[in-house]
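In this note's numbering, the protein residues as written are 9 to 352.
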Ligand SMILES: [Zn+2]
Ligand SMILES: [Zn+2]
Ligand SMILES: [Zn+2]
């Protein structure tokens, strides 16, 4: 996450906050720039701190989704640009589901701010009913919900917000970590695939790196859950799940790129930078454009893992980035950067 500071007192702000912890100024996220800013309460609305305009009001999901995003005062919609994308949520009497819903919405706002920050654009489902982006956050208590993406609709099983449940599933699947934000980053990778790859003129390059996505997904799924996992998958894939099918490899790699991108911005916003990692010499020399980013990231994660061990915790970043994985990350980065330039 990029750094935000309070215009009133200079305090470093957290993206999720609605009030500055130091000077108590109200805070809100500008719907256009997706930047968090200090506000002046005008009684009949809010303006950016000590500025006469523009006027905003708070999103009507302020309480339900713990939403701190703003809506332009003259906007006929009550919901902000993030909350509007959600087409399904738990019923009003489902208090457990609604608590999980607020957690999921919080992760989604972080996702959307990052997507906008790296210059990717999406079409909401309200504009494109066939392939536009929408989110369904559903409670699996009374029915079976499968987290996934289909033609622009991202569905999240809200039981993934329950720490104990998610930890159980994580162990069952042997995943190094499993988070709601990670799920959303993975699923939105599927959403961006057609635009970035298929119509983005990168299908041949994609197939040479990730494999042929036309192979049967159903067969691949059966094989994967039948326990037929690839040995030494760490040499070519960012996760075991990525081995299942080229689409999943893409989504896992895309999500990992977003982890790294956000992680580095957050580190910089706290003034954290670590020198060259010791792992650098283990890798062959490369001219990939992502190399400086990976170097900075690995240096940082070596330090963070060391910090985790210092307080008796497991490694915060239990991943190995093999050269083949770095090449795939570079492919994702190039697709994102070039698409952002085209859109600008
Ligand atoms: Zn402040
Ligand atoms: Zn909202
Ligand atoms: Zn997937």
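Don't be surprised by glycine CBs; every beta carbon is placed ideally from N, CA and C.
These figures come from a predicted structure and were not determined experimentally.
Is residue i near ligand 3, with its Cβ less than 7 Å from a heavy atom?
i, result
"residue 194", "yes"
"residue 264", "no"
"residue 259", "yes"
"residue 144", "no"
"residue 256", "yes"
"residue 191", "no"
"residue 8", "Here the chain has residues from 9 to 352 only, and residue 8 is not among them."
"residue 232", "no"
"residue 273", "no"
"residue 1", "Outside the shown range of the chain (9 to 352) lies residue 1, about which nothing can therefore be said."
"residue 198", "yes"
Please report the distance separating the alpha-carbon of residue i from that of residue j.
i, j, result
"residue 345", "residue 137", "27 Å"
"residue 326", "residue 188", "18 Å"
"residue 68", "residue 92", "10 Å"
"residue 109", "residue 145", "6 Å"
"residue 28", "residue 277", "17 Å"
"residue 348", "residue 323", "34 Å"
"residue 62", "residue 121", "21 Å"
"residue 263", "residue 16", "35 Å"
"residue 21", "residue 255", "37 Å"
"residue 332", "residue 65", "48 Å"
"residue 274", "residue 71", "26 Å"
"residue 174", "residue 148", "13 Å"
"residue 179", "residue 185", "9 Å"
"residue 266", "residue 193", "7 Å"
"residue 205", "residue 212", "9 Å"
"residue 334", "residue 297", "10 Å"
"residue 183", "residue 241", "13 Å"
"residue 328", "residue 247", "9 Å"
"residue 87", "residue 94", "10 Å"
"residue 125", "residue 253", "29 Å"
"residue 153", "residue 9", "30 Å"
"residue 226", "residue 105", "31 Å"
"residue 196", "residue 300", "25 Å"
"residue 165", "residue 340", "27 Å"
"residue 142", "residue 89", "11 Å"
"residue 13", "residue 40", "18 Å"
"residue 320", "residue 343", "39 Å"
"residue 260", "residue 250", "6 Å"
"residue 18", "residue 181", "44 Å"
"residue 209", "residue 114", "34 Å"
Spell out whether any CB of chain D is found under 8 Å from the CB atom of residue i.
i, result
"residue 312", "Given the protein chain composition of this structure (a single chain), no chain D is represented."
Taking 7 Å as the line, does the beta carbon of residue i fall inside it for any heavy atom of ligand 2?
i, result
"residue 90", "yes"
"residue 87", "yes"
"residue 25", "no"
"residue 77", "yes"
"residue 73", "yes"
"residue 69", "yes"
Go through the segment 213-256 residue by residue and report every complete run of the beta strand (DSSP E) that reaches 3 residues or more, in order.
none
By C-beta, the residues closer than 5 Å to any heavy atom of ligand 5, given in chain order:
Here the bound small molecules are ligand 1, ligand 2 and ligand 3; ligand 5 is not part of this structure.
Contact the segment 225-233 vs the segment 153-165: 3+ CB pairs below 8 Å
no
The segment 298-308 contacting the segment 210-221, beta-carbon criterion three pairs below 8 Å
no
Ignoring anything shorter than 3 residues, give me the beta strand (DSSP E) runs that lie fully in the segment 96-127, in order along the chain.
none
Inside the segment 159-211 only - alpha helix (DSSP H) runs reaching at least 4 residues
171-181, 188-201
Quick check: the segment 310-323 against the segment 169-176, are at least 3 beta-carbon pairs closer than 8 Å?
no
Would you call the segment 45-54 and the segment 28-37 in contact, with 3 or more CB pairs under 8 Å?
yes
Start-end ranges of the beta strand (DSSP E) lying completely within the segment 21-50, minimum 3 residues
35-37, 44-49
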